[in-house]
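Below is one structure, written out as structure tokens, with a few remarks after it.
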Amino acid sequence: MKNELYTTRRTKIICTIGPASENEACVRDLIKEGMNVARINFSHCAYEEALHRVRILRSVREELGVPLAIMLDTKGPEVRMFGYSKPVILSKGDTLYVESTGKQPEEIQELPPEKRHFYTNLPRIDKLCSIGTRVLLQDGFIELEVSQLHNDWPGAVTLRVLNDGRLKDKAHLAIPGVQYPIPFLSDKDRKDIAFAVENDFEYIALSFVRTAKDIADVREIIKGVRADAPIKLIAKIEDKQALANLDDIIRDSDGIMVARGDLGIELPIEELPTLQKTIINRCYLAGKPVIVATQMLESMTEMTYPTRAEVTDIANAVLELTSSVMLSGETAKGAHPKRVVNMMGRIIDRTESSIDYHTLARITHDYVNRDEITNIMAYSVVNTAHDWNAKAVAVITDSGIGARALSKFRPGVPIYAFTHHPVLYHQMALNWGVVPFLIEDPEPLRFSEVAGKIIDLLLKKGAIENGEKLIFMASSPFGKRRPTNTIRCEVVGDTTFHEAT
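According to our numbering, the sequence shown is numbered sequentially starting from 30.
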């Protein structure tokens with residue numbers, strides 16, 4: 030009987046763990062419904078809370094015997110409004126006085142709401158604006174414009190409210206198109222990155238990456254904590270500067286997140302669909318995982334059914350070949366996390382069934398890197414799998430490079446990836462089409478012996494049956510860190526095979 034936890038779903042699901050889902054029963058439900066990566070948002074999480082969630086996640090993934098990556102998402106250089114602790118009702122035509130300050134929110138003495146005097150951590154806000162400059166609060170739901178500049182130190186502006194709204198505590202403040210004079214990493218971010226390394230997270234998602242140097246700086250921090258830490262870095266694309274440096278950021282990161290919340294504020298929102306498609310395309314052709322995030326099933330935070338627009342949004346991301354789609358508040362604080370993941374999985378499955386993977390693989394021929402033998406062989410394996418009508422591809426990998434190379438070409442068959450490294454086993458849960466398996470170190474064995482053990486394991490898991498065709502890809506001999514050099518085609522249960530090296 031087929032093990033349902035080893036699904037052949039290609040597009041992966043990331044769930045944010047929060048108050049609504051930080052218990053074993055809910056985590057177990059989320060995994061069974063299709064969660065591949067668990068995200069912990071450090072904008073809203075203390076270390077003890079995080080450790081509690083990590084312990085639960087590791088306990089349940091071990092209990093169920095499945096790969097599950099755990100991702101820490103940094104707070105990043107957020108620009109906020111503060112000086113008030115209760116929501117403030119704003120009406121069109123109201124004016125707000127917003128003053129820059131280097132103090133923390135808890136250091137500011139609150140003023141009565143009727144004073145309309147607020148503070149921001151954005152230095153010299155008056156120097157970043159001119160009369161008429163557009164300012165957005167609370168993820169863009171409240172729009173204002175600058176009506177007056179106050180150039181006395183430390184700088185302030187008067188803003189005119191353009192639409193009614195309810196201003197929540199510590200609301201985001203954004204000036205579209207402006208590069209904020211705020212360091213990429215705060216002291217909190219540095220501590221959080223060290224915490225992720227010390228506690229063996231599989232991934233760190235870095236908020237507001239602007240250049241490839243930002244990624245290099247984080248790698249230096251990681252090296253200072255543990256030189257051999259295998260943790261991988263996901264760069265969140267959230268503003269115009271990141272887009273200008275996109276190719277360099279893709280090259281130097283281990284993956285990309287299309288963070289549509291801030292991206293849709295920092296740039297004209299009508300540009301977002303095209304930008305999403307472009308970023309996804311560049312990522313998968315570079316062999317890097319890409320995540321689409323923000324408001325994918327937002328209505329299901331409270332409701333039991335999604336909007337038609339949300340269903341179409343997820344389907345379009347799948348059709349654009351994103352590696353993963355992400356849930357935020359829907360699973361962190363929503364009323365029914367399990368139902369949300371089930372719905373997302375259903376949409377993914379139905380959409381993937383409509384994709385012509387055979388044609389897609391041939392289109393990617395022009396993107397084969399002729400200087401990398403693993404890339405060339407991965408492309409050959411994918412085409413052989415389609416032409417030979419194989420059931421699946423099995424890759425034996427010590428680094429994940431082979432599995433990611435196969436994923437790049439988006440094959441129509443599952444990529445069963447076998448490794449003896451537990452961290453890599455969980456990390457590959459993020460890669461499109463890859464189903465990771467943990468095996469013993471294959472180094473002492475011959476290729477034929479390892480292939481036989483893998484077939485036995487797949488038969489036991491119900492992932493393949495006798496008479497079905499399986500294609501192996503590996504570097505042989507094992508443990509020598511050589512480039513991929515072996516393709517083996519085998520009919521399960523048959524003693525004959527064809528091998529190319």
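Every residue gets a Cβ at the ideal spot worked out from N, C-alpha and C, and that includes glycine. Here the structure is a predicted model, which is why all the values come from computation and not from measurement.
Coil, strand or helix - residue i by DSSP
i	result
Phe-213	coil
Lys-31	At Lys-31 the pLDDT is 46, less than 50, meaning the model places this residue with poor confidence; the figure from the coordinates comes in the next sentence. Of the three classes helix, strand and coil, the one that applies to Lys-31 here is coil, per DSSP.
Arg-439	coil
Asp-523	coil
Thr-169	First, the amino acid is wrong: residue 169 is Gly here, not Thr. Coil.
Pro-152	coil
Thr-413	helix
His-450	coil
Pro-142	helix
Ala-458	helix
Ile-430	helix
Ile-204	coil
Thr-103	coil
Ala-419	coil
Thr-530	Note on Thr-530: pLDDT 47, under 50, position unreliable in the model; the coordinate value appears next. Coil.
Pro-465	strand
Val-127	strand
Ile-160	coil
Ile-343	helix
Leu-20	This structure gives no information on residue 20, because the portion of the chain shown stretches from 30 to 530.
Val-117	strand
Glu-174	strand
Residue i versus residue j: straight-line alpha-carbon distance, rounded
i	j	result
Leu-140	Pro-212	29 Å
Lys-144	Leu-202	19 Å
Leu-119	Asn-192	8 Å
Ile-154	Ala-322	29 Å
Thr-426	Pro-473	15 Å
Val-117	Ser-129	19 Å
Thr-37	Glu-91	20 Å
Trp-461	Ala-434	11 Å
Ile-430	Met-329	37 Å
His-387	Tyr-408	12 Å
Ile-46	Asp-523	46 Å
His-146	Thr-162	19 Å
Ala-458	Ser-88	17 Å
Met-373	Gln-138	44 Å
Tyr-113	Asp-198	6 Å
Arg-375	Glu-299	28 Å
Ile-42	Lys-61	12 Å
Asp-277	Ile-263	13 Å
Ala-225	Arg-248	12 Å
Tyr-232	Pro-471	26 Å
Leu-165	Leu-488	56 Å
Ala-419	Leu-97	27 Å
Gly-169	Pro-205	10 Å
Ile-516	Ser-504	9 Å
Gly-496	Val-479	19 Å
Leu-80	Met-100	12 Å
Ala-49	Glu-331	12 Å
Arg-475	Phe-447	15 Å
Ala-361	Glu-135	25 Å
Val-254	Gln-456	20 Å
Ala-258	Leu-235	17 Å
Ile-546	Val-370	This structure gives no information on residue 546, because the portion of the chain shown stretches from 30 to 530.
Closest Cα partner of residue i within the set the options
i	options	result
Glu-53	Ile-43, Val-520, Val-83, Ala-241	Val-83
Gly-94	Thr-351, Leu-467, Lys-156	Leu-467
Ser-477	Val-319, Ser-382, Cys-518	Cys-518
Gly-284	Lys-269, Lys-265, Leu-301, Thr-448	Lys-265
Thr-403	Ala-446, Pro-440, Ala-432, Asn-412	Ala-432
Thr-103	Lys-220, Leu-356, Asn-228	Lys-220
Tyr-209	Ile-278, Asp-257, Lys-269	Lys-269
Gly-131	Thr-149, Asp-123, Glu-267, Gly-122	Thr-149
Ala-421	Asp-281, Asp-400, Pro-465	Pro-465
Ile-384	Pro-205, His-365, Ala-49, Thr-351	Thr-351
Glu-172	Ile-85, Leu-178, Leu-125	Leu-125
Phe-111	Ala-79, Val-66, Gln-167	Gln-167
Asn-345	Lys-317, His-365, Thr-380	Thr-380
Lys-242	Asn-228, Ala-271, Ile-260	Ala-271
Pro-531	Ile-405, Glu-267, Gly-122, Glu-469	There is simply no residue 531 to check, as the chain begins at 30 and stops at 530 in what is shown.
Distance cut-off 7 Å: residue i Cβ against heavy atoms of the ligand MN
i	result
Val-207	The model depicted lacks the ligand MN and carries no ligand whatsoever.
Could you name each continuous alpha helix (DSSP H) segment of 4 residues or more that falls completely within the region 34 to 98, going from the start of the chain to the end?
Segments of the alpha helix (DSSP H) lying fully in the region 34 to 98: 53 to 62, 76 to 93.
Taking the runs of the alpha helix (DSSP H) that are 4 residues or longer, which of them lie wholly in the region 472 to 521?
Contiguous alpha helix (DSSP H) elements confined to the region 472 to 521 occur at 476 to 490, taking only those with 4 or more residues.
Considering only residues of the region 234 to 279, which uninterrupted alpha helix (DSSP H) runs meet the minimum length of 4 residues and lie entirely inside it, listed in chain order?
Qualifying alpha helix (DSSP H) stretches, in chain order: 241 to 254, 269 to 273.
Suppose only complete runs of 4+ residues qualify. What are the alpha helix (DSSP H) ranges in the region 357 to 411, listed by chain order?
Runs of alpha helix (DSSP H) with 4 or more residues, each lying fully within the region 357 to 411, are found at 358 to 361, 366 to 381, 386 to 392, listed in chain order.
At what residue ranges does the region 272 to 334 contain a whole run of the alpha helix (DSSP H), taking only runs of 4 or more?
Complete alpha helix (DSSP H) runs here, min 4: 275 to 281, 289 to 295, 301 to 314.
Inter-stretch contact (C-beta, 8 Å, three-pair minimum) for the region 302 to 318 and the region 356 to 363:
Cβ pair count under 8 Å is below three, so no.
Do the region 406 to 424 and the region 435 to 449 meet, that is, are 3 or more Cβ pairs less than 8 Å apart?
Flag = yes, the region 406 to 424 and the region 435 to 449 touch.
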